[in-house]
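Q: Handing you this structure, nothing more for now.
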Amino acid sequence: MTIWKCNKCGSTIEATTYPDTCPSCKEMCEYVDVTCYLPECGGPTSGNINPQVFKESSKADERNFSTQSPHPLQRALSALKK
Ligand SMILES: [Zn+2]
């Protein structure tokens with residue numbers, strides 16, 4: 011079984027192949043294979059997530075977010091509102 015992580019909402023799905031639309035956010039998402047293939051996290055038969063891959067895919071999300079985010083001034087203004 012492969013563990014897939016939705017790149018939009020970050021939820022994980024355990025399935026042989028990932029679905030067309032994410033059952034959690036109902037969007038067409040890109041899926042990241044976060045299955046553990048290393049003995050360090052239990053191996054592929056353990057059904058565990060590889061924490062390293064999981065973390066790196068989250069970092070990629072943040073990178074995408076920062077390139078798509080508005081002007082730094084707008085960001086600062088929205089931060090002030092919070
Ligand atoms: Zn999703």
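Heads up, the final residue of the sequence shown is numbered 92 in the working numbering, and it's a clean run with no missing numbers.
All residues carry an ideal CB built from backbone N, CA and C; glycine is no exception.
Can you find a heavy atom of ligand 1 that lies under 7 Å from the Cβ of Glu37?
A: The count along the sequence shown starts at 1 and reaches residue 37 at position 27. Checking every heavy atom of ligand 1 against the Cβ of Glu37, one is found closer than 7 Å.
Q: Alpha carbon to alpha carbon, how far is Leu87 from Gly57?
A: Here residue 87 is taken as the residue at index 77 of the sequence shown, counted from 1. Here residue 57 is taken as the residue at index 47 of the sequence shown, counted from 1. Each residue's Cα considered, the two are about 44 Å apart.
Q: Please name the residue in Asp30, Tyr47 and Thr45 whose C-alpha comes closest to that of Cys39.
A: Position 29 of the sequence shown holds residue 39. Of Asp30, Tyr47 and Thr45, the residue nearest in Cα terms is Asp30.
Q: Lys15 and Phe64 - do their beta-carbons sit closer together than 8 Å?
A: Indexing the sequence shown from 1 puts residue 64 at position 54. Indexing the sequence shown from 1 puts residue 15 at position 5. Yes, these two residues count as a Cβ contact at 8 Å.
Q: Quick check on DSSP: helix, strand or coil for Val44?
A: The sequence position of residue 44 within the sequence shown is 34, counting from 1. The answer is coil: DSSP assigns Val44 none of H, G, I, E or B.
Q: For Cys19, verify whether its CB is less than 7 Å away from any heavy atom of ligand 3.
A: You won't find ligand 3 in this model; what it holds is ligand 1.
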